[in-house]
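Numbering (my numbering), first residue to last: 1 to 71.
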């Protein structure tokens, strides 16, 4: 979560994106899953995460990005 905070992204914002995702992809550099989505305040974020188990994910990093036009 520290890398997310280093980019000015809060834990709540990461959770909002995961709850409201509009695209899922795989990172070409790390192979980890990536989700794209909007926070309640309108920020559009990319969140890279690791699946820990069936009920748990660990956010690796997050960035504010331009909305993808063609997911």
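Glycine is no exception: its CB is placed at the ideal position from the N, C-alpha and C atoms.
On a predicted model such as this, the values are computed, not experimentally measured, just so you know.
Tell me which same chain residues have a C-beta within less than 8 Å of the C-beta of residue i, skipping the five on either side of it?
| i | result |
| --- | --- |
| residue 26 | 32, 33, 34 |
| residue 30 | 48, 60 |
| residue 22 | 36, 37, 38, 71 |
Distance, Cα to Cα, residue i vs residue j?
| i | j | result |
| --- | --- | --- |
| residue 53 | residue 60 | 15 Å |
| residue 10 | residue 67 | 19 Å |
| residue 6 | residue 58 | 16 Å |
| residue 2 | residue 24 | 22 Å |
| residue 55 | residue 8 | 26 Å |
Counting only the same chain and skipping the five closest in sequence on each side, list residues whose C-beta sits under 7 Å from that of residue i.
| i | result |
| --- | --- |
| residue 13 | 39, 43, 45 |
| residue 4 | 14, 59, 61, 62 |
Would you mind working out which of the options sits nearest residue i, comparing C-alpha positions?
| i | options | result |
| --- | --- | --- |
| residue 41 | 4, 64, 3 | 64 |
Who are the Cβ neighbours of residue i in its own chain at under 6 Å, not counting the five residues just before and after it?
| i | result |
| --- | --- |
| residue 16 | 39, 40 |
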